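Chemist: Take 80 as the starting number for the sequence shown in the numbering used here and just add one per residue. Note that beta-carbon positions come from the ideal geometry of N, C-alpha and C, so glycine has one too. Since this is a predicted model, take the numbers as computed values, not measurements.
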Amino acid sequence: MIRLSNGHEIEYACSAGALGYWGEAWPWERILLYLSIPDFSRRNLADKLLHWEKPLDRAMMTVFGKTTTSPGRLGNYRWYKPRDTLRFLPGGTVNAHGWANPGFWVVAEDIEKSYNPKLYALVLNFFSDDFRKLAQMARRCRDLPIVAIEIDPYCPNVQHSVPMTVGRLQEMCEIIRRESSKPVILKLSAASWPLLERIVMTVHRIVEAITINTVPWAICFPDKVSPLAHHGGGGVSGKAAQHINWPFIHDIVEIGLIPVIGAGVWEYEDIAKVRTLGVGAVSFGSIFLRNPFLPCYYIRRDLRDRTLEIISA
80 MIRLSNGHEI EYACSAGALG YWGEAWPWER ILLYLSIPDF SRRNLADKLL
130 HWEKPLDRAM MTVFGKTTTS PGRLGNYRWY KPRDTLRFLP GGTVNAHGWA
180 NPGFWVVAED IEKSYNPKLY ALVLNFFSDD FRKLAQMARR CRDLPIVAIE
230 IDPYCPNVQH SVPMTVGRLQ EMCEIIRRES SKPVILKLSA ASWPLLERIV
280 MTVHRIVEAI TINTVPWAIC FPDKVSPLAH HGGGGVSGKA AQHINWPFIH
330 DIVEIGLIPV IGAGVWEYED IAKVRTLGVG AVSFGSIFLR NPFLPCYYIR
380 RDLRDRTLEI ISA
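Here it is as structure tokens:
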């Protein structure tokens, strides 16, 4: 479990964008917010039929919103040709959406009007290469009922207008922390591996947790041509990226200064595997695309199994 400076605790998380910009869920997921089904995480049939649960319950996890910018961006995604920016892989996905979003200010207004913090905890994700705009967005967050802010400076699908140096990253994190008074969570990609120790040593007094991004296709599969090569290759997630992301997580944990929210869970057993790396919390990402009901099923099963272990110890 990761405890932030404002007291919020993260044990399970929904990674950025898996449930929309502020947890509103994508259209194909929304029906699951209102359904009730037998609790299949229970061991015998009678218990399954006696206990009914929501297949998608946002209250069970901290929800990380999709990255927003100021102004919004068209990105690469087009609703009429979704396969142009997303492909399923054996045990994962590759995407090249490119930060398509309606804009930070639109999302902030939606949160103010429609988000109910009693239903689930929300982490807002935004980014700008312009320090002035970044400060304005951070100040807007002061009055929003969010638990933290996530910054994503190393997205594989985005080219920044200014090179992302460690010093620049530090200044961005300081601006967000100072202007918002919210905990800052930093999202890192395996592309930043060569700078990892410098990054962690530089921002560890500002950043309260680290999340893990998708892996650039060229790093994940250097000998294969990406089906999204026309968009630069895209970022790989899920089980398909574990062979890169899990050693990357291990190296962050080894430095020991910032707690990590582990990623790459695809099967139930992956929760225990990623915990052996030393992470403080577990995140579910692209698994929502294939099976949006599985994360909550895994969480219920994990909580029950850990309780039984404690009782039997």
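What are the start and end residues of the alpha helix (DSSP H) that includes residue 357?
Modeler: It is not in any alpha helix (DSSP H) - residue 357 carries neither H nor E in the DSSP assignment.
Chemist: Can you round the beta-carbon distance between residue 245 and residue 274 to whole angstroms, since I take them to be within the 8 Å contact cut?
Modeler: Correct: roughly 6 Å between the Cβ atoms.
Chemist: Please state whether DSSP places residue 375 in a helix, a strand or coil.
Modeler: The answer is helix: DSSP assigns residue 375 an H, G or I state.
Chemist: On the DSSP bridge assignment, give the partners of residue 167 in chain order.
Modeler: Answer by DSSP bridge pairing, in chain order: 172.
Chemist: Could you tell me the distance, in whole angstroms, from the CA atom of residue 230 to the CA atom of residue 197?
Modeler: Going from the Cα of residue 230 to the Cα of residue 197 covers about 24 Å.
Chemist: If you reduce the DSSP assignment to three classes, tell me which class residue 184 lands in.
Modeler: Residue 184 falls in the helix class under three-state DSSP.
Chemist: From the beta carbon of residue 325, is the nearest beta carbon of chain B less than 7 Å away?
Modeler: Absent from the structure is chain B; it holds one protein chain and no more.
Chemist: Considering residue 255, what are the terminal residues of the alpha helix (DSSP H) in which it resides?
Modeler: Per DSSP, residue 255 belongs to the alpha helix (DSSP H) from 245-259.
Chemist: Report all residues from its chain with a CB closer than 8 Å to the CB of residue 378; omit the five preceding and five following residues, and keep chain order.
Modeler: Closer than 8 Å at Cβ, skipping near neighbours: 91, 139 and 140.
Chemist: Under the rule that 16 or more other beta-carbon atoms within 10 Å means buried, what is residue 217, buried or exposed?
Modeler: Its Cβ being crowded by 16 or more others within 10 Å, residue 217 is buried.
Chemist: Residue 351: buried (16+ other C-beta within 10 angstroms of its C-beta) or exposed?
Modeler: That one is exposed.
Chemist: In angstroms, rounded to a whole number, what distance separates the CA positions of residue 222 and residue 346?
Modeler: So the two alpha carbons sit approximately 38 Å from each other.
Chemist: Considering only the beta carbon of each residue, do residue 228 and residue 259 sit closer than 7 Å?
Modeler: Contact flag set, yes.
Chemist: Between residue 369 and residue 109, what straight-line distance do the alpha-carbon atoms span, to the nearest angstrom?
Modeler: Roughly 15 Å separates the two Cα atoms.
Chemist: In terms of alpha-carbon separation, which member of 286, 278 and 249 lies closest to residue 262?
Modeler: With distances taken between Cα atoms, residue 262 lies closest to 286.
Chemist: Exposed or buried, residue 120, counting other C-beta atoms within 10 Å across all chains shown (16 or more means buried)?
Modeler: With 16 or more other Cβ atoms within 10 Å, it is buried.
Chemist: Is the segment 180-195 touching the segment 143-159 in the sense that three or more CB pairs, one from each, lie closer than 8 Å?
Modeler: These segments touch.
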